[in-house]
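For the sequence shown, my numbering gives the first residue as 25, with consecutive numbering after it.
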Amino acid sequence: MLSWSTLKATMITLLVLRWLSPLALGAGEIAALRAQLAAQQEQIEQLRAALEAQKQVLERLARAAENPPRVQEPAQKTESSFKSLNGFQFSGDFRFRADAQLRSGNQIAAPLQNLRSRYRLRLNIDKDLDPRFRFHLQLSTGPLNHPITNDQDMAGGVAKHPFSISEASVDFHPSPKFSVRGGRMEEVFADNLRFLWDDDVRFNGFQQILKTKLACNRLGLTGLEFRAGEYILSNPAVYVLPASSPYVAAGYQPGQKVRDANLFHPGAVLRGNLGSVWTHQITGGIEIYRHPNQIQLASTAAGYPVLVSGAIGLALSGLVGGAGNATTEPGGAVFSAPDFQIAPAIQTVV
Numbered sequence: 025m026l027s028w029s030t031l032k033a034t035m036i037t038l039l040v041l042r043w044l045s046p047l048a049l050g051a052g053e054i055a056a057l058r059a060q061l062a063a064q065q066e067q068i069e070q071l072r073a074a075l076e077a078q079k080q081v082l083e084r085l086a087r088a089a090e091n092p093p094r095v096q097e098p099a100q101k102t103e104s105s106f107k108s109l110n111g112f113q114f115s116g117d118f119r120f121r122a123d124a125q126l127r128s129g130n131q132i133a134a135p136l137q138n139l140r141s142r143y144r145l146r147l148n149i150d151k152d153l154d155p156r157f158r159f160h161l162q163l164s165t166g167p168l169n170h171p172i173t174n175d176q177d178m179a180g181g182v183a184k185h186p187f188s189i190s191e192a193s194v195d196f197h198p199s200p201k202f203s204v205r206g207g208r209m210e211e212v213f214a215d216n217l218r219f220l221w222d223d224d225v226r227f228n229g230f231q232q233i234l235k236t237k238l239a240c241n242r243l244g245l246t247g248l249e250f251r252a253g254e255y256i257l258s259n260p261a262v263y264v265l266p267a268s269s270p271y272v273a274a275g276y277q278p279g280q281k282v283r284d285a286n287l288f289h290p291g292a293v294l295r296g297n298l299g300s301v302w303t304h305q306i307t308g309g310i311e312i313y314r315h316p317n318q319i320q321l322a323s324t325a326a327g328y329p330v331l332v333s334g335a336i337g338l339a340l341s342g343l344v345g346g347a348g349n350a351t352t353e354p355g356g357a358v359f360s361a362p363d364f365q366i367a368p369a370i371q372t373v374v
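Here it is as structure tokens:
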């Protein structure tokens, strides 16, 4: 390949010869010079193309040096692969607790001295079935007859501790403003305040949430949510109640049908701003219970085998606690309140 200096000298020579004696050259020589000039012109174009290609390569190398590719470490690749496997996302947590219950006795309560250790292990599995459906599953520790906690006492010798289903649901959300969920889940108004139900309690049933934004107003209100929950608490499947049934202790008459216990909880959540720093939330609703005495019956020695053990297919070692003591008689299965309808209203400021 010719250099630029050679090409320049050749072109100058040709021009001078053409200028000085165009008639002295023969026709064959002129044709040869023209062919040589065309070949040199082609070589010049090839040099220009090669220089342009080298320029583009240098520009790509410069951009690559400014933005080097991120190299993922093997440990990061393993962790990422574990967290998401064929669309299933995995997460979890472990908590260890040590607490002391110390109390002196009096005329009403006996003394208490209990030093214990407990732990909680939870595993979450989530998967987007499509842009509108999402599946969720949570496995957790905790005694089967103690639904108000997921903590497992370090007791029982060397017996293995249970690891059971705490949550399992499918969420349908056709838009960011509306969602419907069915399965086993936390209460639709759960807010970690323990106003009525413990935070660890999960319900079987359905719930709906509808959200809307509010226009600017003097009160600083920014959003409104309508919520509703419909939960199934029992399924007795007793069509003709015998006189010896434990349901008689809950106020049912022999010969009648024992229907399901349910909880219906509609309400609303109103959000707003208090200046530029504080925000507040007002929650209101009504809890309507059908056949609430079955909740209390499950906390008695005669009631939990028919209400709880039969439903889960296991014979529990003891009754289900945490139901309350507002009954017509000590240890009874009939609540003092004739109608179980509760209308809580809560305001929180953050």
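C-beta: ideal position from N, C-alpha, C; glycine also.
Note that the structure is predicted; figures quoted are calculated from it, not measured.
In chain order, what residues of the same chain lie with their CB nearer than 7 Å to the CB of residue i, ignoring the 5 residues before and after it?
i      : result
Gly206 : Ser193, Val194, Phe230
Ser258 : Asp284, Ala285, Gln318, Leu331
Phe359 : Pro316, Asn317, Gln320, Ala350, Thr351
Arg226 : Ser190, Glu191, Arg208, Met209, Glu210
Asn297 : Gly244, Thr246, Thr303
Since residue i sits in a beta bridge, which residues does DSSP pair it with?
i      : result
Trp302 : Leu298
Phe120 : Tyr143
Gln70  : Beta-bridge pairing links Gln70 to no other residue.
Leu245 : Gly296
Val282 : Val262
Val194 : Phe159, Gly206
Asn228 : Arg208
Pro290 : Ala252
Asp175 : Answer is none; Asp175 lacks a bridge partner.
Leu109 : Phe112
Leu14  : Absent from the model: residue 14. The displayed extent of the chain is 25 to 374, so no value can be given.
Taking 6 Å as the limit between beta carbons, can you name the residues of its chain near residue i, skipping five residues before and five after?
i      : result
Pro260 : Val282
Ala361 : none
Phe202 : Leu234
Val262 : Val282
Arg87  : none
Ala48  : Residue placement at Ala48 is poorly supported in this model, since its pLDDT is 49, which falls under 50; the coordinates still yield a value, given next. Within the same chain, Ala48 has no close Cβ partners at all.
Leu136 : Gln125, Arg127
Asp223 : Asn216
From residue i to residue j, what distance separates their C-alpha atoms?
i      : j      : result
Met209 : Ala133 : 36 Å
Val330 : Val373 : 44 Å
Val293 : Ile233 : 10 Å
Asn349 : Gly355 : 8 Å
Thr324 : Trp302 : 46 Å
Asp123 : Arg140 : 6 Å
Gly327 : Gln280 : 18 Å
Gln64  : Leu82  : 27 Å
Thr236 : Phe157 : 21 Å
Ala369 : Val212 : 15 Å
Trp221 : His289 : 13 Å
Asn241 : Phe364 : 37 Å
Leu163 : Gly291 : 29 Å
Ala77  : Ala55  : 33 Å
Ala322 : Leu238 : 44 Å
Ala267 : Arg295 : 52 Å
Ala274 : Ile312 : 18 Å
Pro155 : Lys184 : 40 Å
Could you say which of the options lies nearest to residue i if we only look at CA atoms?
i      : options                        : result
Arg146 : Gly116, Leu220, Gln232, Arg140 : Gly116
Val344 : Ser333, Gln113, Glu353         : Ser333
Thr165 : Lys151, Arg119, Ser108         : Arg119
Gly337 : His304, Tyr276, Leu168         : Leu168
Gly247 : Leu85, Thr307, Arg72, Tyr313   : Thr307
Tyr143 : Ala179, Leu75, Ala357, Gln125  : Ala179
Leu161 : Arg295, Leu287, Tyr271, Asn148 : Asn148
Ile310 : Ala367, Glu53, Leu340, Ile54   : Ala367
Asn228 : Pro171, Leu265, Gln277, Leu109 : Pro171
Gln24  : Asp154, Gln305, Lys79, Glu90   : Any answer about residue 24 is impossible in this case: the structure gives the chain only from 25 up to 374.
Ala287 : Ser108, Arg314, Leu61          : For the record, residue 287 in the displayed sequence is Leu; it is not Ala. Among Ser108, Arg314, Leu61, the Cα nearest to that of Leu287 belongs to Arg314.
Quick one: what's got a C-beta closer than 8 Å to residue i's C-beta in the same chain, skipping five residues either side?
i      : result
Lys151 : Gly111, Phe112, Gln113, Arg158, Phe159
Ala73  : none
Pro278 : Leu265, Pro266, Ala267, Ser269, Val272
Taking 8 Å as the threshold, find out whether the segment 162-179 comes into contact with the segment 253-269 through three or more Cβ pairs. no
Does the segment 182-189 come close enough to the segment 197-206 that 3 or more CB-CB pairs lie under 8 Å?
no
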